[in-house]
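K.L.:
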Amino acid sequence: MIVYEFNENLDDFEEIELHETFFVPDLLVPMATFLFIDDIRKCVWLWFGRRTTIRDKFVSAHKSSTIRDRHGIYYRIKTIDQGYEPQEFKEWLGLVEKRHVEVIIEQEDDPIQNYVDSIKYLIICKAKAYRYWTSEGELRHANECYIQWEVLCQLCDALGIPYKSIMEEGNDEEE
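Just add 7 to wherever you are in the sequence shown, counting from 1, and you've got my numbering.
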């Protein structure tokens, strides 16, 4: 993790040397402004303390693009005010425990049970549920977009969640 602190006397950022005993909440004080480089999400988190002046916010936001360019031109700059930190920022810094992502497979009763079994997949990711039904190698999202089985498997692998390769042939009945 690379962290920069805004120095209002220099009107520029200075890199902070992180020690083994580094604890993020000790840094996040109301008068400070920090820039965190997140190589995982390819973004730069610009954090403002509650009592940061408007001038410091303006100058640090302007200077943050030069720091960003050193690490990756394509990195996005995301601004955060103290007390309004997004969940992904808190998880990345280890301030809160990461949410668990899991796949739940349910068997549903179908009026034409003898003809085809309808299997619904629920993928829970960041508190959002996605539904898929199998149909000749394709999975249909509730909004009628299609996703290939291989893509779903790759998604599960990328998220580190288990899946079962169950393929059913037959009709794709609408609810």
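Glycine included, each C-beta is placed from N, C-alpha and C at the ideal position.
Please read these numbers as outputs of a predicted model, since none were measured by experiment.
Could you spell out the range, first to last residue, of the alpha helix (DSSP H) harbouring Arg62?
P.N.:
Within the sequence shown, numbered from 1, the residue matching residue 62 stands at position 55. It spans 61-78 - the alpha helix (DSSP H) in which Arg62 sits, taken as one unbroken run.
K.L.:
Label Gly56 either buried or exposed according to how many other C-beta atoms from any shown protein chain fall within 10 Å of its C-beta, with 16 as the threshold for buried.
P.N.:
One-based indexing of the sequence shown puts residue 56 at position 49. With 16 or more other Cβ atoms within 10 Å, it is buried.
K.L.:
Hey, could you find the ends of the beta strand (DSSP E) Glu15 is sitting in?
P.N.:
Against the sequence shown, residue 15 aligns to sequence position 8. Where Glu15 is concerned, there is no enclosing beta strand (DSSP E), given that its DSSP letter is neither H nor E.
K.L.:
Can you tell me which of the three DSSP states Leu53 falls into?
P.N.:
For this step, residue 53 is matched to residue 46 along the sequence shown. Strand.
K.L.:
So, for Lys64: in the same chain, excluding its five sequence neighbours on each side, which residues have a beta-carbon less than 6 Å away from its beta-carbon?
P.N.:
Locating residue 64 in the sequence shown gives position 57, where the first residue counts as 1. Phe55.
K.L.:
Note down the Cα distance separating Ala68 from Asn16, rounded to an integer number of angstroms.
P.N.:
Your numbering for residue 68 matches position 61 in the sequence shown. Your numbering for residue 16 matches position 9 in the sequence shown. So the two alpha carbons sit approximately 16 Å from each other.
K.L.:
Express the C-alpha separation of Glu92 and Glu12 in angstroms, rounding to a whole number.
P.N.:
Along the sequence shown, one-based indexing puts residue 12 at 5. Along the sequence shown, one-based indexing puts residue 92 at 85. Distance between the alpha carbons of Glu12 and Glu92 is about 17 Å.
K.L.:
In this structure, does DSSP put Glu22 in helix, strand or coil?
P.N.:
Reading the sequence shown from its first residue, position 15 is the one you call residue 22. Here Glu22 sits in strand by DSSP.
K.L.:
Going by beta carbon distance, what residues of the same chain come within less than 6 Å of Lys85, once the five residues before and after it are set aside?
P.N.:
Numbered from 1 along the sequence shown, position 78 holds the residue referred to as residue 85. Cys50, Trp52, listed in sequence order.
K.L.:
Taking the alpha carbon of Glu22 as the reference point, which residue from Phe30, Pro32, Val36, Phe43 has its own alpha carbon closest?
P.N.:
For the purposes of this step, residue 22 is taken as residue 15 along the sequence shown, with counting starting at 1. Comparing Cα-Cα distances from Glu22 to each of Phe30, Pro32, Val36, Phe43, the minimum goes to Phe43.
K.L.:
Give the C-beta separation of Pro37 and Arg58 to the nearest angstrom, bearing in mind that I take them to be a contact with Cβ-Cβ under 8 Å.
P.N.:
Reading the sequence shown from its first residue, position 30 is the one you call residue 37. Reading the sequence shown from its first residue, position 51 is the one you call residue 58. Pro37 to Arg58, Cβ: 4 Å. Contact.
K.L.:
Which of the three DSSP states, helix, strand or coil, is assigned to Phe41?
P.N.:
If you number the sequence shown from 1, residue 41 lands on position 34. Looking at Phe41 - three-state DSSP - the assignment turns out to be strand.
K.L.:
For Ser72, count neighbouring C-beta atoms within 10 Å of its own C-beta (all shown protein chains included) and say buried if the count is 16 or more, exposed if not.
P.N.:
Numbered from its first residue, the sequence shown carries residue 72 at position 65. By the 10 Å Cβ count, Ser72 comes out exposed.
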